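If you count the sequence shown from 1, position 172 lands on 172 in full-length UniProt numbering, and the numbers rise without skipping.
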Amino acid sequence: MAEDVIELGLEGVDFVTDKYHDRLYNKLQTRKSNTRRSSSADFNQGSDSGSSDHGSNRRRREHPGSSDQIEERRYRTQPSADDEDSRRRLGNVSNYGAQAGYGARDVEPSNDQRPNYARTASERAGHGKPDGMPAIPQWSEEAHLELMQKLSITKSIVSITSPSTHLTPGDDASARHLTRAYNDFAANLASRRPAQFGFWATLPLPDVTGSLAEIAYALDSLHADGIALETNHQGRYLGDAAFDAVFAELERRKATVFLHPTGPCIAHSDGPQAAAPMPQYPSPMFEFFFDTARAVINLFLSGTVARCPNVTFILSHGAGALPPIVERFTSFATSVLGLEVKINSDVVKETMRRQFYLDLAGFVFPDHIHGVLRYVGPDRLLYGSDYPYTPAKAVEMLAGRVEEVFPEEGTKRAVLVGNAQRLLAKGKVVTEVHNGL
């Protein structure tokens with residue numbers, strides 16, 4: 001690998017021992033009955049936050065929050081003094097939609113994580129094998145740092161991966177609490193190790209009210225590096241009118257938005273059944289690529305991208321299956337459907353080169369990358385590991401492919417470091433060195 005790397009994107013994480021995450025999970029469950037009375041005050045604090053950009057370069061600070069939030073934080077981050085395993089593993093975080101790494105070699109903006117209490121909540125909600133995967137992989141801060149050192153990754157940007165934090169349709173209260181707990185956890189990791197970690201905050205979508213409050217909290221109080229969204233949230237795809245208020249707020253804040261795929265939500269209009277195509281194959285194997293294409297197409301055709309010119313989008317996995325179908329969806333939309341949208345393949349290319357970054361997590365080498373480069377140049381590419389859903393050995397193998405495809409030193413350094421540094425500096429007042437994505 002090159003001598004520096006910033007990694008953007010991680011998936012999956014363990015972060016406290018079982019007795020702590022079980023206590024937190026049980027506490028969240030018993031609180032569900034009275035949450036509706038208190039949630040409005042808790043989640044609306046800070047919503048009148050003004051119009052300053054999310055990226056003002058302030059040092060992350062601990063936010064006291066309500067007494068309930070302080071109590072949750074104690075469960076989450078305060079093991080007993082003699083619990084060496086808990087103390088050693090505190091602060092672990094990751095996301096795929098958020099993968100990351102930055103340093104003497106790359107900045108990695110996509111790493112997936114799922115803390116232990118989130119793991120328990122996922123399993124109890126029926127997501128123990130998320131998106132058809134055999135299990136939720138283990139993650140630890142120590143293993144993550146070891147991988148970063150081995151691959152010369154200076155900084156990783158982490159976030160929670162699919163199925164995110166809204167696990168049960170209709171249960172907004174639990175989703176809000178789990179989202180807040182995760183974002184506090186990620187902020188704790190980033191504040192303890194600011195040179196090694198940044199994070200993408202997650203939202204409790206499709207709960208729009210809770211998401212607007214969490215945007216304010218995550219960007220104003222926790223100083224997250226950006227927001228992670230899934231391609232669809234319980235069947236509503238990004239670009240749906242139901243999410244217009246969320247994107248309007250992200251546009252007002254000139255936010256960076258990391259898009260990560262999740263399991264597709266498909267139903268046929270010509271039949272009564274919901275489709276479950278080839279369930280023997282996990283969704284990350286290929287459905288993730290298709291779901292990325294669905295979401296991005298809807299963002300363009302709904303006019304969301306055009307209405308949000310100041311939002312910077314990061315697409316996972318080299319934009320998935322999008323590149324080879326741009327001509328088809330743009331031509332079909334106008335010539336067949338007659339949609340009143342000014343779009344063609346040239347508009348998409350111009351917009352992607354101005355407003356989008358693509359991470360290289362997953363298996364985009366040796367051939368997929370060439371289709372990607374028809375739409376964006378190397379200056380819009382970001383290194384990502386997809387760890388830990390992509391095992392460490394595979395991460396190491398794939399990292400070497402970057403240097404094979406981009407042997408020229410300047411281009412290689414841009415892909416591994418420079419592009420992420422530029423993105424992370426978007427909208428920031430440079431008052432201190434800050435390498436988060």
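Beta carbons: idealized from backbone N, C-alpha and C, even for Gly.
None of these values were measured; they are calculated from a predicted model.
query, result
"With three or more C-beta pairs closer than 8 Å as the rule, is the segment 410-423 touching the segment 371-384?", "yes"
"Among the candidates 286, 408, 324 and 409, whose CA atom is the shortest distance from the CA of residue 375?", "324"
"Count the CB pairs spanning the segment 275-290 and the segment 244-253 that are closer than 8 Å, and state whether there are at least three.", "no"
"Starting from the N-terminal side, write out each stretch of the beta strand (DSSP E) that is 3 residues or longer and does not extend beyond the segment 268-354.", "312-315"
"To the nearest whole angstrom, what separates the beta carbons of residue 358 and residue 319, a pair I think is in contact under 8 Å?", "5 Å"
"Taking DSSP as the reference, what is the three-state secondary structure of residue 411?", "helix"
"Just checking my contact of residue 159 with residue 199 at CB under 8 Å: how many whole Å lie between their CB atoms?", "6 Å"
"Is residue 376 helix, strand or coil by DSSP?", "coil"
"Does the segment 394-407 come close enough to the segment 340-358 to have 3 or more Cβ pairs within less than 8 Å?", "no"
"Ordered along the chain, which non-local residues of its own chain (more than five positions away) have a Cβ less than 6 Å from that of residue 236?", "206 and 242"
"Thinking C-alpha only, which one of 230, 201 and 151 is nearest residue 219?", "201"
"Could you give the DSSP three-state label for residue 417: helix, strand or coil?", "helix"
"Note the first and the last residue of the continuous alpha helix (DSSP H) segment covering residue 191.", "172-192"
"Look up residue 387 in the DSSP assignment and say whether it is helix, strand or coil.", "strand"
"Cα separation between residue 211 and residue 226?", "14 Å"
"With contact counted as at least three CB pairs below 8 Å, one residue from each stretch, are the segment 329-344 and the segment 383-398 in contact?", "no"
"Can you list the beta strand (DSSP E) stretches of 3 or more residues lying completely in the segment 141-170, in chain order?", "153-160"
"Go to residue 203, then tell me how far its alpha helix (DSSP H) extends in each direction, as first and last residue.", "Careful: residue 203 lies outside any alpha helix (DSSP H) and carries neither H nor E."
"Considering Cα atoms alone, identify which of 296, 298, 308 and 169 is closest to residue 438.", "Because the chain spans 1 through 437 in this model, residue 438 falls outside it and cannot be assessed."
"Would you decide whether residue 151 is buried or exposed? Buried here means 16 or more other CB atoms lie within 10 Å of its CB.", "buried"
"Who does residue 229 pair with in a DSSP beta bridge?", "259"
"Measuring alpha carbon to alpha carbon, tell me which of 175, 384, 213 and 157 ends up nearest residue 187.", "157"
"Since residue 231 contacts residue 291 with CB under 8 Å, what's their CB separation in whole angstroms?", "4 Å"
"Please say whether residue 203 and residue 299 have beta carbons closer to each other than 8 Å?", "no"
"Taking DSSP's pairing of strands, which residues face residue 382 in a bridge?", "359"
"Who are residue 197's beta bridge partners in DSSP?", "156"
"Would you tell me roughly how many angstroms separate the C-alpha atoms of residue 366 and residue 162, rounded to the nearest one?", "26 Å"
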